[in-house]
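Protein chains in written order, with the UniProt record's numbering: chain H, 1 to 501; chain W, 1 to 501. Backbone N, C-alpha and C define an ideal beta-carbon position, used for all residues, glycine too. Predicted model, so just to flag it, every value in this text is computed and none were measured. Written out below as structure tokens is the structure these notes cover.
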């Protein structure tokens, strides 16, 4: 009834395979594919998002110049429901965890989310250690601290309770606890680090977000500040993804209105940037091993579904969530939107708003603190979402010509009647809508000037943006390594345009 | 810099938690929630899909009657791209596999998909054993055979190359190889089996679909025929999900037109049934442990996104894929649609079309074989997709009143101008559109009569449907266990209505 055969490739098979390889491993040469800034008619319809490689036999070329031909979609499991935090003890038991590292920060440690978590663990008799020293906007030093603590206790599972900073820090604790001999820079994104792929499997990590913003519970990304290089960077790999994200809308009720606003602006930009990123089949180089295919791979037909839905929800619910602290429906929808946007950008990537945000929040020359934020030790703070959204009108005016239809679809999702809009105005129309959307939230800077920047700061902002290669390669319309001078000029123009909107 | 604290719940915390538990663990009592057939104004908008539990304190009630309050979304990683099959050798190496069980069937064993797979493994020097005896529409006996083979060889990873039958069989080989002492019925869905949750972690499984239909590469479901009970059943649990689905559009080019049609009809019904299933917050009972939350949990805001997109793509591309064997764009889009629908129904479930399909294909009184199918040993065959779609007009006419807006949205996705349609006609309008859509594909039965059924077969079809509890509980408008006689009458009516469309 059963048989075991071992197929040895015959000469004929090899010939077929060779033909197949040649047919599908060469970059297309039709002009609309050769430049990331000219792919509009390939993005208009989902039908065009699956790339058709040109089927002619051509001379083999430099593999490092080959464009991508596949995309990969990965996400943490996501559980969503009011009150489901308390299930986490059973989850840890189901995973076989005997000693759990609970990671949080000093604020969240006092909140109900943390109480539910601890009660869940105690009810199942699971031993745990709490690390509550993660910091908002993690720095290399705070991350290394957390890693030392984790290595010393060597837990068999991790549980992050907090916002993106907590969840990102926990991912790094897991990574380096499972790779105790690795040097810190081994996995950090190139060019600041070595960008090695993660080959070991990590321990279970359950993430319980208490903000509706980063979507970190679904992604394989962890961001931190390398003070030594004056730059934000991070580690990004599918293996870093949490095992499970527990999205409990009761946990975001504790967010002040200002945090609703800035974390919602982060969601807005996650959705917009992943939706407008270059398509995956324009990214270079094609990986020679699938483990090297980046999580940030460009827009693809699956990320598109998530990004556009997140954008629509944000348009509808963010203003309500900011204005009315008792609008629990809007808050729940924003938590869901943050998670959907997380799956979207976690598989497509972000681009200019995020690349430009890192020097904005890092340099902060006027020691600006966002109204409504309570900052420990009087440290100044431009919240991540604010630093991202402040350049959005400028960015999407710039990227508009790369794909007018996508920019119009985004404007429509934000409530613009686009029936009479010309394609050449797509970027402007979206930019104007974004400027009004951000202003209408209230309390938001209307450009970099309101954050204390002026023309004299632009050059340093450009210098702080250039190392963000991982996301800049996904920016449509931006010149790449072939013409770095032009890229600098473009970034300079973007920052200048973002001084006021 | 670091601290370890151990939080013991105080009396105050306990009081808060008790309040929280009481507030969120009782089923809502507003009349529009109490009956699955009357939730329309809760499904019209995504805003209403997050269920708001009623916040009053009431007397505790029987937990088995509590409705669900959370949903969980899980999917295999999905890689998509023409030619990406050949990456599987590197994937297996990255997973650390040393001895791979390659599972396929006698037809697929001859195709290029299998050649690419074997070449990929050999290039990386990975040892493998091939099992090529899986059968179309697996039976208990064929499944047990495959499991014996797998147990004897004890591989450290599995690789399925084929359609849904192959992938489903491979999931079962993995499950019972990792649980060698389990009795076969332990994990089989109740009431035919014991329906135990899967607590052990399984070995890596990579699935490479060669049809665009089942979406099995993304789901935790495996379906087979229990000859002894004259019923189709299966095993469904998130843990069964493949590690990775490799969706290579080159692999579906070998499908004959008749297979494009029937597998595409399966996609159509996956999308329609998951989109119209009862919402997750109407399902009972609420699980007492998250590991018992079924994969088939009812419609939810994330499954909805997948199901509706899959429906739109199927409407657009299935007719083209069936009519023109060289329309590779349509074929690629159908492979993507099958995968998207897989994520949708894999997290929401299917209902009546699938429940009723099992006795249709199982009983086949006229020994019907679908034109265009080449069946081994002259066995009759009603392909799964055909048996599912043949009742679709009847089913959605019946379910229409449960949620007119969703049925109208489905009709619109299939190209109907719904601007003038009244809500009470929603089911009829969708049914009429489906009847025409199926007929226009060509070569499809226009009702059960064309498959050789008549009125005298209806009673046995009803009897064969009743054991499909797992999906029947998700059917809107259907009477449940409270009134089994009414449920039988409703099913009888559905089969009679499906004799001709």
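Can you tell me whether residue i is buried or exposed, with buried defined as 16 or more other CB within 10 angstroms of its CB?
i	result
residue 379(H)	exposed
residue 171(H)	buried
residue 485(H)	exposed
residue 482(W)	exposed
residue 109(W)	buried
residue 6(W)	With a pLDDT of 39 at residue 6(W), under the threshold of 50, the modelled position of this residue cannot be trusted; read the value that follows with caution. By the 10 Å Cβ count, residue 6(W) comes out exposed.
residue 125(W)	exposed
residue 286(H)	buried
residue 377(H)	exposed
residue 174(H)	buried
residue 215(W)	buried
residue 227(H)	exposed
residue 152(W)	exposed
residue 115(H)	buried
residue 400(H)	buried
residue 420(W)	exposed
Just reading off the beta strand (DSSP E) that residue i is part of, what are its end residues?
i	result
residue 131(H)	127 to 131
residue 247(W)	244 to 247
residue 71(H)	71 to 73
residue 80(H)	77 to 80
residue 385(H)	No beta strand (DSSP E) holds residue 385(H); the alpha helix (DSSP H) holding it covers 384 to 389.
residue 205(W)	205 to 209
residue 215(H)	No beta strand (DSSP E) holds residue 215(H); DSSP gives it neither H nor E.
residue 222(W)	221 to 226
Mind reading off the beta-carbon distance from residue i to residue j? Whole number of angstroms is fine, and I expect it under 8 Å.
i	j	result
residue 307(W)	residue 274(W)	4 Å
residue 100(H)	residue 92(H)	6 Å
residue 426(H)	residue 393(H)	In fact, because the Cβ distance is near 13 Å, the residues do not count as touching under 8 Å.
residue 271(W)	residue 344(W)	6 Å
residue 134(W)	residue 162(W)	7 Å
residue 280(W)	residue 264(W)	That pair is no contact at about 27 Å.
residue 132(W)	residue 177(W)	That pair is no contact at about 18 Å.
residue 138(W)	residue 224(W)	4 Å
residue 453(W)	residue 319(W)	With 8 Å as the limit, residue 453(W) and residue 319(W) do not qualify as a contact, their Cβ atoms being about 26 Å apart.
Could you tell me whether the Cβ atoms of residue i and residue j are closer together than 8 Å?
i	j	result
residue 97(W)	residue 156(W)	yes
residue 322(H)	residue 441(H)	yes
residue 169(W)	residue 146(W)	yes
residue 130(W)	residue 102(W)	yes
residue 311(W)	residue 210(W)	no
residue 439(H)	residue 446(H)	yes
residue 502(W)	residue 358(W)	The structure shown does not extend to residue 502(W), since chain W is modelled only from 1 to 501, so the question has no answer here.
residue 443(W)	residue 372(W)	yes
residue 199(W)	residue 407(W)	no
residue 231(H)	residue 221(H)	no
residue 383(W)	residue 479(W)	no
residue 526(H)	residue 333(H)	The structure shown does not extend to residue 526(H), since chain H is modelled only from 1 to 501, so the question has no answer here.
residue 233(H)	residue 189(H)	yes
residue 326(H)	residue 83(H)	no
residue 471(W)	residue 351(W)	yes
residue 349(W)	residue 217(W)	no
residue 457(W)	residue 309(W)	no
residue 71(H)	residue 289(H)	no
residue 74(W)	residue 77(H)	yes
residue 411(H)	residue 433(H)	yes
What are the boundary residues of the alpha helix (DSSP H) that includes residue i?
i	result
residue 90(H)	88 to 94
residue 62(W)	First-last for residue 62(W): undefined, no H or E at that position.
residue 167(W)	164 to 178
residue 393(W)	392 to 399
residue 276(H)	257 to 276
residue 411(H)	404 to 413
Would you check whether the ligand NAD has a heavy atom nearer than 7 Å to the C-beta of residue i?
i	result
residue 446(H)	Annotation note on the ligand NAD: not contained in the displayed structure, which lists no ligands.
Let me know the beta strand (DSSP E) ranges lying completely inside the region 296 to 367 of chain W, each 3 residues or longer, listed in chain order.
none
Note down, one range per segment and in chain order, each alpha helix (DSSP H) of at least 4 residues found wholly within the region 433 to 501 of chain H.
458 to 465, 469 to 472 and 484 to 497
Continuous beta strand (DSSP E) assignments of at least 3 residues falling wholly in the region 93 to 161 of chain W:
99 to 103 and 127 to 131
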